[in-house]
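2 protein chains.
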Amino acid sequence: MDKSALFNQFVTFTTAVHEVTHDLTQNVNIDTVTPVQYKILEYIKVSQPVTPTEISDCQHMSLPNTSRELKKLQEKNLIEKITDTEDRRKQSICLSKDGEHMMNEAFACVEVRFQQLMQNVTEEDLAEIQHALNVLQSKLFNRQK
Amino acid sequence: MDKSALFNQFVTFTTAVHEVTHDLTQNVNIDTVTPVQYKILEYIKVSQPVTPTEISDCQHMSLPNTSRELKKLQEKNLIEKITDTEDRRKQSICLSKDGEHMMNEAFACVEVRFQQLMQNVTEEDLAEIQHALNVLQSKLFNRQK
DNA sequence: TTATTTAGTTATCAAATGATAAGTAATGGA
DNA sequence: TCCATTACTTATCATTTGATAACTAAATAA
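First to last, the sequence lines map onto chains A and B. Here my numbering is used: the first residue of the first sequence is 1, the next is one more, and so on. Here my numbering is used: the first residue of the second sequence is 1001, the next is one more, and so on.
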C-alpha cells in the first residue's frame, strides 16, 4: 500500500541513525588511527578472530588495501596475525593487548555518550525501544545473503 | 537496569543499518560524482535551499572544502548558486535541473532495491515496522541540540 | 567612518583512500 | 607431478579528502 511512504520514512530514519552514530563516535581515539583503520578495528573487535579476506568482504575494500592497513595496524601493535596451522595461507587476526585496551576505551567512551542520550528515558520507553530495535533488526535490517 | 545490554543491541543495530544502507546505495550513479559530493547532493535534495555554511555544518566538513566541492558540482551543472538579495554574503544552493534529474534517478534506484527488500513483508509486519521506526526516531535518534 | 565579524573563495599541502598489476606461497585436484 | 586456484603481499599510481593560511566582500557594531 503505502510502501512508498515507508521508503521516505526509511530514508529519514537512516539519515538520523547515521548522524547520531557519527556524533557518538566523533573524536574517539582518532589520534593514532585513521577512520578506515578504526572501522577495521571495530570489526575485528566484535568478530575476532577474522581473516583478511573476511575484513575485505565486510568492509568493502580490496584485499591489497586491506593487507596494507592491517600491516600498519600491526606496526602500531594493535593487532596480531597468526598463521592458520591447518591452511597456512590463511591468517587469523585478533586485537593485541594494546588493541583490546584501545577499543575497550573507545567503546566505553561511546557508551558513556549513549547513556547520556538515554538519561531521561523511562522504564516503559526502554522496553518499547528494545522491542522496536528487535522488530527492525529482524524484519528490515536482517543481513542475510 | 539493562541499559548496558541495550547499548550492545544498539551497536549491533547501527552496524546493520550501515551495512544495509551501504548495500542499497552502492553503485548508484557514482560515475560522475565522488562519495562526498553524492552526500552533499543528497543533503541538498532533502533540504534545499541551503547555504554553504549549513552544508559545512551538517556534513561535518570545513567551509573551504565545502566551497571547493560545491564549485565542482556547479561545474558539472548539478547545482545552482544564487546570491541572497537580503544579505549578499549568503548563497542559496539548489539542485539544477540536471541535478534534480540525477538525484531522482538515484533515489528511484535505491527505492527499487528497498522495495525488493520489502517484497515478502506482510501487511501486519508493515504496520509494525512503521511503528518501530516512529518509536526509534522519536525516542532514540531524535537529533535535537 | 572605522573596525570587527560573518560568509564564502582560492590556493596549497599532506595524508588517506581506491584501483590495479605483479608477485609469493600454500593447497588441492588432474 | 603438474596445474589451477586460493590467500595474501608488495608496489605503484591517481584521486579524494582534510587541514590550514590568506584572501575578498558584505554586513554590522563602535
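By construction, the Cβ of each residue, glycine as well, lies at the ideal position given by its N, Cα and C atoms.
Pairwise C-alpha distance: residue j and residue i
i	j	result
A1016 (chain B)	F1010 (chain B)	10 angstroms
I30 (chain A)	Q1115 (chain B)	37 angstroms
K139 (chain A)	T12 (chain A)	18 angstroms
V135 (chain A)	M1061 (chain B)	34 angstroms
Q74 (chain A)	E1019 (chain B)	26 angstroms
F7 (chain A)	M1118 (chain B)	10 angstroms
D23 (chain A)	R113 (chain A)	9 angstroms
A5 (chain A)	Q1048 (chain B)	20 angstroms
G1099 (chain B)	Q1137 (chain B)	29 angstroms
P1035 (chain B)	K1076 (chain B)	15 angstroms
V1121 (chain B)	A1127 (chain B)	10 angstroms
T51 (chain A)	K90 (chain A)	7 angstroms
K1145 (chain B)	V1033 (chain B)	Since pLDDT at K1145 (chain B) reaches only 40, below the 50 mark, its modelled position is unreliable, and no value is offered.
N142 (chain A)	T14 (chain A)	15 angstroms
L1063 (chain B)	I82 (chain A)	45 angstroms
CB contact below 8 angstroms: residue i versus chain A
i	result
D1125 (chain B)	yes
V1050 (chain B)	no
L1006 (chain B)	yes
L1133 (chain B)	yes
L1196 (chain B)	Residue 1196 (chain B) falls outside the range modelled here, since chain B spans only 1001 to 1145, and no answer is possible.
K1003 (chain B)	yes
Q1091 (chain B)	no
I1129 (chain B)	yes
M1118 (chain B)	yes
Q1037 (chain B)	no
K1139 (chain B)	yes
V1028 (chain B)	no
E1111 (chain B)	yes
L1136 (chain B)	yes
T1074 (chain B)	For the record, residue 1074 (chain B) in the displayed sequence is Gln; it is not Thr. Chain A, which has no Cβ nearer than 8 angstroms to the Cβ of Q1074 (chain B), makes this no.
Residue-chain proximity (residue i, chain B), Cβ-Cβ < 8 angstroms
i	result
H101 (chain A)	no
L41 (chain A)	no
I44 (chain A)	no
A16 (chain A)	yes
T34 (chain A)	no
T21 (chain A)	yes
K9 (chain A)	The residue you asked about is not Lys; residue 9 (chain A) is Gln in the sequence shown. It does; some Cβ of chain B falls within 8 angstroms.
Q59 (chain A)	no
Selected residue, minimal CA-CA separation from residue i, among the options
i	options	result
L41 (chain A)	A:L24, A:N27, A:Q59 and A:Q26	A:Q59
N65 (chain A)	A:Q37, A:V46 and A:T122	A:Q37
V1078 (chain B)	B:T1122, B:H1101 and B:P1049	One point to set straight first is that residue 1078 (chain B) is Leu, not Val, in the sequence displayed. It is B:H1101 whose Cα lies nearest to the Cα of L1078 (chain B).
T21 (chain A)	A:D125, A:E124 and A:V110	A:V110
D1002 (chain B)	A:A5, A:L63, A:I82 and A:E124	A:E124
K1045 (chain B)	B:A1127, B:E1080, B:N1142 and B:T1014	B:E1080
Three or more C-beta pairs closer than 8 angstroms, one from the stretch 104–114 of chain A and one from the stretch 123–139 of chain A: is that the case here?
Taking 8 angstroms as the limit for Cβ pairs, the verdict is that the stretch 123–139 of chain A does not touch the stretch 104–114 of chain A.
Assess contact between the stretch 82–96 of chain A and the stretch 19–37 of chain A, defined as three or more Cβ pairs (one per stretch) separated by less than 8 angstroms. Is contact present?
They do not touch, by the three-pair rule.
Minimum length 3: unbroken beta strand (DSSP E) runs contained in the stretch 53–136 of chain A
If we require 3 residues or more, the beta strand (DSSP E) runs fully inside the stretch 53–136 of chain A come out as 79–83 and 91–95.
Check whether the stretch 1090–1101 of chain B touches the stretch 1033–1050 of chain B, taking contact to mean three or more Cβ pairs, one atom from each stretch, closer than 8 angstroms.
yes
Do the stretch 1044–1056 of chain B and the stretch 1064–1075 of chain B touch if we need at least three Cβ pairs shorter than 8 angstroms?
Result yes; three or more Cβ-Cβ pairs closer than 8 angstroms.
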